[in-house]
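Heads up: the structure comes next, in structure tokens.
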Amino acid sequence: MNAPSEPELLTITLAEGRQRLLAGEVTSGQLTRMFLDRIAATDDEVRAFVTVTAESALEQAAEADALLSRGDATAPLTGLPIGLKDVLMTRGVRTTAGSRMLDSLVPPYDATVVARLRDAGAISLGKLNMDEFAMGSSTEHSAWFPTANPWDHERVPGGSSGGSAAAVAARQCIASLGSDTGGSIRQPASFCGVVGLKPTYGRVSRYGLIAFASSLDQIGPFTSTVEDAALLLQAIAGPDPLDSTCYDEPVPDFSERLERGLDGLRVAAPQEFFGDGMDDDVASAVETALELLAANGALIDRTPSMPSVPMALPVYYILAPSECSANLARFDGVKYGYGARGGESMWADMEATRQHGFGREVKRRILLGAYALSAGYYDAYYLQAQKVRTLIRREFDRVFAEHDVIVAPTAPTVAFKQGEITDPYQMYLNDIFTIPANIAGLPAISVPGGFGHAGMPVGLQFVGQRLDETTLLGVANAYEQLTQWPTFPAGNVGST
Amino acid sequence: MSDTDSNQFTSAQVRHLASLVRIELTDSEVEEFRGELASILSHIDALSEIDTSGVPPTHNGADLINVQDDDASIPAMQRNQVLANAPQREDEYFRVHAVLDQS
């Protein structure tokens, strides 16, 4: 048998990598060096990585190869290189959340998901760029540099987990983790043509995730296949004594129903997800996807109406800034990170710390949250948003009483050009179709759904019932098997 | 509830909000945020049209209440690890400006 060529290996999945490592066709050292070389060759343009941990990755690869050669590689991701969004705490490795505020933070502990991936044998290649404190939809709000979309370097990769999406699409790592508060996994997955999964709120521990909006934040995988998303979710899911918002539910085998097919599947396509604001190329790609699902046995129901869903965006822009104004109060310049000194009082130092440490978008949201929570406005804004949140949850419950999944576009447009959107609210509209799942705490996945304007990827979104990632992954896998859209730009990756 | 006019922010209001959240702003930032906050709120005001009488608020993403831990000790971080990231420290303490008036 011929040794696999490097271009072939660059497109490897977690599942294939596992098989090849076990079969001895390739070593973890080879894979790790190949991806580190790939980062070195491409990241001047893509700029997905804030920190590359080459040395520790190669050490871990050597340990993995020792386990593999002894036949002891029982951990499911042994020796497979991945990347981590820079919002996840990594012991001994600088963690910035894309903010000057944390320029020099070297965490003394690992996030639970980081510890679990290490226990599962995965090798971290480094930390991935993001909008500051996960606030943004383009990764242009990173304090360090913008990340480019691998399909077109003049376009944004989406955000806030833009580095995580771009790294997978540029084949700088096999898979990565991101976080999703209002679409920050699914929208960049859509823009970069890869798979992005936001699990059910409470499925994955948030311990060690630098908090943005705690009632909405959830960690999830970026991969090039749905099968890999199931594998990565398997490694990070499940209750954690360090996060009391985790469901104390047994974790199912997420790969169990990948081959379930579409026959008889009850798919809702609610009107509110197919209305105004969607570009024609996206609408056309999503329409084609619906026809394909129907032709393969799915029962598409376009009649459900969810009249409160258009309110999800306003609800989000009350709740998320409110929660962030409280969460980001911890950055006081005293305990860790950046701290201005030399002012005439403790308050002066703190106010200067937060003036220089936070970027424009973060300040804007903290101010907005403070306003929504302040005396005289609390009932009208924050409490009202929480009540409308209840209405939105109820509408999802009603649809799921008669349907297995909801299908929708992931984002209203394909990736836009860097610098193209300057108005804050126009930027917020990117998340109009992803926010509802966060508001209701439901699992949702974006899978490649064809191509639109300028040859850029379009994402197709499925939303599932609470804690039913298994059905969600099965449906997404069935669609993926029917389409096989490329998850990386051809010509950019070797022989393909 | 609120019409467009009520969403106008004065510079003094923006400065007041900034003081609540302990962020110093430049004059140009105050001006920019004044307009941007008003614009964002004008989109959000549609919320006030929704009838929520009798609807309870949702506080969290999950429907869990009163999750309790076992009353057991677990290892904690060492003091030096915790202090390692402090902008300024002195011995085993975070160093800050005097908080209380010494007079």
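Each protein sequence line maps, in turn, to chains A and B.
Per the working numbering, the very first residue in the first sequence carries number -8; after that it's consecutive.
Per the working numbering, the very first residue in the second sequence carries number 1258; after that it's consecutive.
Just so you know, even glycine gets a beta-carbon here, dropped at the ideal spot from N, CA and C.
Predicted, not measured: the structure shown is a model, and the values here were computed from it.
Proximity of Asn1264(B) to chain A, defined by a Cβ-Cβ separation below 8 Å, is not satisfied. Interface residue (Cβ-Cβ distance to chain A less than 8 Å): Gly1292(B) is not classified as such.
The count of Cβ pairs closer than 8 Å, one atom from the region 221 to 237 of chain A and one from the region 96 to 112 of chain A, reaches three, so the stretches are in contact. Taking a C-beta cut-off of 9 Å against chain B, the contacting residues of the region 324 to 335 of chain A are Gly324, Val325, Lys326, Tyr327, Gly328, Tyr329, Gly330, Ala331, Arg332, Gly334 and Glu335, listed in chain order. Neighbours of Phe349(A) in chain B, taken as residues whose beta carbon is under 8 Å from its own, are Ile1280 in chain order. Excluding the 5 residues flanking it on each side, Ala1343(B) has same chain C-beta neighbours closer than 8 Å at Phe1351 and Arg1352, in chain order. Taking a cut-off of 8 Å for Cβ pairs, the region 278 to 293 of chain A and the region 348 to 361 of chain A do not touch, as fewer than three such pairs fall below it.
Going by DSSP, Leu222(A) is part of the alpha helix (DSSP H) stretching over Val217 to Ile227.
The three-state reading of DSSP puts Phe479(A) in coil, since its state is none of H, G, I, E or B. Taking a Cβ-Cβ threshold of 9 Å, the residues of chain A close to Val1339(B) are Pro99, Lys326 and Tyr327, in chain order.
Taking 4 residues as the shortest admissible run, the region 42 to 82 of chain A contains the following complete alpha helix (DSSP H) segments, listed from N- to C-terminal end: 45 to 61. Around the beta carbon of Ala31(A), a 10 Å sphere encloses fewer than 16 other beta carbons of the protein chains shown; the residue is thus reported as exposed. When the five nearest sequence neighbours on each side are left out, the beta carbons in the same chain lying within less than 7 Å of the beta carbon of Ala52(A) are those of Ser19, Gly20, Thr23, Gly70 and Ile114, in order along the chain.
Around His444(A), the same chain offers Asp272 and Val405 as residues with beta carbons nearer than 6 Å, after the five sequence neighbours per side are excluded. Look at the beta carbons and you see the region 121 to 128 of chain A touching the region 196 to 212 of chain A: at least three pairs across the two are nearer than 8 Å. Taking every protein chain shown into account, the CB of Gln1325(B) has fewer than 16 other CB atoms within 10 angstroms, so this residue is exposed.
A distance below 8 Å between beta-carbons, with the five flanking residues on each side excluded, links Tyr362(A) to the following residues of its chain, in chain order: Tyr368 and Tyr372. When the beta-carbon positions are compared, Val41(A) and Thr87(A) come within less than 8 Å of each other. Taking Leu79(A) as reference, the option from Ser155(A), Leu304(A) and Phe245(A) with the minimal CA-CA separation is Ser155(A). Neighbourhood of Ile1301(B) in chain A, by CB distance below 8 Å: Pro305, Tyr308, Ile309 and Tyr372, in chain order.
In the three-state reduction of the DSSP assignment, Ile291(A) falls in the strand class.
Shortest Cα-Cα distance from Gln262(A) to any of Ala161(A), Gly193(A) and Val390(A) involves Val390(A).
Between Leu119(A) and Ser167(A), the C-beta spacing is below 8 Å. When the Cα atoms are used, Asp388(A) and Met341(A) turn out to be separated by approximately 45 Å. One thing to note: Leu116(A) has its Cβ no nearer than 8 Å to the Cβ of Gly83(A).
At a C-beta separation below 8 Å, Ser1296(B) has these neighbours in chain A: Asp414, Pro415 and Tyr416.
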